[in-house]
Each structure stands twice: as C-alpha cells, then as structure tokens.
Amino acid sequence: MNPHLRSGIALVICAPSGTGKTTLTRRLIEEFPRFAFSVSCTTREPRPNEKNGEDYEFLSRQEFERRRDAGFFAEWAEVHGNYYGTPLEATRRLLAEGRDVLFDIDVQGASQLRRTIPGARLIYILPPSRAELERRLRSRGTESEESTLRRLSAAATELAQAHWFNLWIINDDLEEAWQELRAAYIAATLSPVRRPGFLNGLLKEWGDTA
Ligand code: 5GP
119 MNPHLRSGIA LVICAPSGTG KTTLTRRLIE EFPRFAFSVS CTTREPRPNE KNGEDYEFLS
179 RQEFERRRDA GFFAEWAEVH GNYYGTPLEA TRRLLAEGRD VLFDIDVQGA SQLRRTIPGA
239 RLIYILPPSR AELERRLRSR GTESEESTLR RLSAAATELA QAHWFNLWII NDDLEEAWQE
299 LRAAYIAATL SPVRRPGFLN GLLKEWGDTA
C-alpha cells in the first residue's frame with residue numbers, strides 16, 4: 119500500500135480478553151459513526167448475541183486455512199485455540215477511501231499490522247490488576263471455567279507485549295478510560311494525512327493574492 123495515498127486512520131486496539139475493550143470500541147464507533155469496523159474472520163463458535171458478518175465472519179477451520187493460504191488476510195493469528203484474521207482487500211479499500219478503521223485484534227496480529235500498515239496507531243488497554251481482570255472475566259458469564267482460566271493465563275503473555283504500543287489506557291474506571299480513548303482518536307484525526315490538499319489550497323490563497 120502506498121502510504122501517501124492513504125488518508126484513513128488505522129486504529130489498532132489490543133487488550134487481554136475481559137479488559138473492557140469491546141465496550142470501549144463499541145462506544146467509539148457509536149460516537150464517531152464515520153468509523154469503519156474491520157470485521158474479522160474467526161473459527162470460534164458465535165456467542166448467542168453475535169451476528170455473522172457484523173461481529174465476525176464465522177468460518178470453518180478448513181475455509182479459514184484455504185483463505186489464509188490464498189493470501190486473503192492482512193494478518194492472522196491463533197488465539198485461545200481458534201483462528202482470527204483481518205481481510206486484506208476490504209481493509210485496504212476502506213483506508214484508501216479515507217475511512218478510519220478500527221482493528222480489535224490480538225497482539226500477534228497487531229505486530230503484523232504494524233508492518234503491513236506503517237502509520238497505524240497502536241493502543242493497548244490494560245487491566246488495573248490481575249484480580250480485577252479475573253473478576254471481570256467471571257462476571258461476563260459467557261465463558262466456561264476452562265476458557266476463563268485459559269484467557270487469564272494468556273493475559274500475562276499478551277501484556278508482556280504492551281511495551282511497543284504507542285499509547286496505554288489503564289481501564290480502572292470505564293468512564294475515564296473512555297475519555298482517554300476518545301482523546302487519543304481525536305488527536306489521531308489531527309494528522310496531516312487526513313487533510314490531503316488542504317495546505318496546498320491554503321498556500322494557493324497567498325499565490326492568488328500576491
Ligand atoms: P473474542 O473471541 O473474545 O471475540 O476475541 C478473542 C481475541 O481475538 C481478542 O483479543 C480479539 O482482539 C482477537 N481478535 C479478534 N479478531 C481478530 C483478528 O482479526 N486478528 C487477530 N489477530 N486477533 C483478533
């Protein structure tokens with residue numbers, strides 16, 4: 119992808135499962151409807167409230183592997199025993215159209231996107247403590263005990279990667295975390311790549327009056 123042609127912002131948000139990431143990213147999309155959400159593909163089972171094509175595109179392992187081998191994904195990873203991946207072409211198209219795109223992906227995927235989309239803003243949401251993360255995972259009530267413990271132990275591995283992200287949001291208080299995420303996005307929109315042609319147009323006004 120030629121970075122000079124791109125004017126959309128790629129906002130990558132990572133967090134261990136249970137950190138409040140889904141709540142925060144949904145709120146971002148609600149407040150800024152111009153956001154495009156990158157709908158990932160996954161091989162995990164849909165949760166009761168999830169819709170195919172909206173939350174994820176749910177695929178069999180065989181179909182996921184077929185697409186992966188055909189170069190369909192911008193990044194992919196195996197997380198908690200299931201495959202997850204970001205479709206490449208759909209992402210490229212959105213960014214090239216100037217749409218801001220939100221990526222809710224794991225750290226392995228984020229490190230791939232850091233290379234495939236060099237201007238991506240990488241935000242990591244951290245839990246305030248291990249105990250609080252465990253409490254939130256259990257109160258969700260959607261996971262089996264085995265899955266909860268697997269997610270809790272995976273969190274340590276994921277958190278160990280947080281150091282190379284651009285920004286950290288420690289989600290102790292949800293409202294505060296939301297204000298921080300909102301501010302981070304607004305700051306990202308002030309990038310000159312969002313205003314292709316503006317400066318030339320402005321300077322031209324001087325040329326016209328000279
Ligand atoms: P969940 O199963 O709870 O929806 O997601 C589990 C983990 O997979 C989360 O950390 C989520 O960010 C990650 N994930 C979701 N979609 C993608 C994707 O397209 N690529 C990668 N690498 N991870 C993803």
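Mapped onto this note's numbering, the consecutive letters of the sequence shown carry residue numbers 119 to 328.
Every residue gets a Cβ at the ideal spot worked out from N, C-alpha and C, and that includes glycine.
Just mark residue 316 as buried or exposed, buried being the case when its beta carbon has 16 or more other beta carbons within 10 Å.
Exposed is the call here.
Classify residue 220 as buried or exposed, calling it buried when 16 or more other Cβ atoms lie within 10 Å of its own Cβ.
Residue 220 is classed as buried because its beta carbon has at least 16 other beta carbons within 10 Å across all chains shown.
According to DSSP, simplified to helix, strand and coil, what is residue 205?
For residue 205, the secondary structure class from DSSP, reduced to helix, strand or coil, is strand.
On a CA-only basis, which of 212, 136, 130, 179 is nearest residue 146? Give me that one, please.
It is 130.
Taking Cβ to Cβ, would you say residue 218 is nearer than 9 angstroms to residue 295?
In this structure, residue 218 sits away from residue 295, with a CB-CB distance that is not shorter than 9 angstroms.
Keeping to the same chain, check which residues put their C-beta closer than 8 angstroms to that of residue 189; ignore five residues upstream and five downstream.
Sequence-distant Cβ neighbours of residue 189 in its own chain, meaning closer than 8 angstroms and more than five residues away, are 206.
Residue of 160, 151, 303, 270 minimising C-alpha distance to residue 241
Out of 160, 151, 303, 270, the CA that lies nearest to the CA of residue 241 is found in 303.
Residue 134: beta carbon under 8 angstroms from a heavy atom of the ligand 5GP?
Yes, since a heavy atom of the ligand 5GP falls inside the 8 angstroms radius drawn around the Cβ of residue 134.
So, is residue 236 buried or exposed, given that buried needs 16 or more other C-beta atoms within 10 angstroms?
Exposed: under 16 other Cβ atoms inside 10 Å.
The segment 247 to 254 / the segment 193 to 211 touching (three or more Cβ pairs under 8 angstroms)
By the Cβ rule, the segment 247 to 254 does not count as touching the segment 193 to 211, because fewer than three pairs are nearer than 8 angstroms.
Label residue 306 either buried or exposed according to how many other C-beta atoms from any shown protein chain fall within 10 Å of its C-beta, with 16 as the threshold for buried.
Looking at its Cβ environment, which holds 16 or more other Cβ atoms inside 10 Å, residue 306 is buried.
Is it the case that the Cβ atoms of residue 175 and residue 158 are separated by a distance below 9 angstroms?
Their beta carbons are under 9 angstroms apart, which means residue 175 touches residue 158 by this criterion.
Residue from 216, 284, 161 whose Cα sits closest to the Cα of residue 84:
No answer is possible for residue 84: it lies beyond the span of the chain, which begins at 119 and ends at 328.
Is the distance from the Cβ of residue 279 to the Cβ of residue 229 below 9 angstroms?
Result yes, Cβ atoms of residue 279 and residue 229 sit closer than 9 angstroms.
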